Amino acid sequence: MTSIEVLCEIERKLDELIKNATLLKDCEEENGECADLEHQQEILLNELLRINNSMNEDDKYSLWQKSSRQYTTLENKIVKFSCLNQKLLKNSTPSMKKARVHRRKLKKPPTQLSLDFS
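Quick note, the sequence shown lines up with residues 0 to 117 if you use numbering that gives the first Met the number 0.
See below:
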C-alpha cells in the first residue's frame, strides 16, 4: 500500500469506530444491538492494530513527513474516539462492569491446540 492508501485506510477505520461508539452510547442492551456493535468495534480495533503493527517506526515517521495535515486529522480522530470510549466506560452500569470482569476471570487458556483439517 502507498502511504496515502495507508492513511486513508486508518482514517476509514477510525471513522467507523467513532460512528459505532456514538451508536453504542445510545443503544439498548436488551435487543442484542449492543453486542453486535461491540463485536464490530473489536474487529475494527484489531484491523487498526494490524495496520499499525505492520509498519515500522521509520515508515511511520516518513508517512508523517509526507502528509502531516492528514496525520494531524488522524490524531484528532484518535482523541475523539478515546474520549467516546472513556465516556462509554464511565457510563456503563456497575453490574455490567462486574459481569465483564467476572467473565474474564473464569476464562482459561486452551490446554491443547486442535487443528482438524478433515
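Beta carbons: idealized from backbone N, C-alpha and C, even for Gly. These numbers come from a predicted model, not from an experiment.
Put simply, of SER81, LEU87, LEU83 and GLU46 the residue whose alpha carbon is nearest the alpha carbon of ILE9 is GLU46.
Counting along the chain, ASN51 sits inside the alpha helix (DSSP H) bounded by residues 32-53. In the structure shown, SER66 adopts coil according to DSSP, grouped into three states. Per DSSP, reduced to three states, the secondary structure at CYS7 is helical.
Assignment of CYS82 by DSSP, reduced to helix, strand and coil, places it in the helix class.
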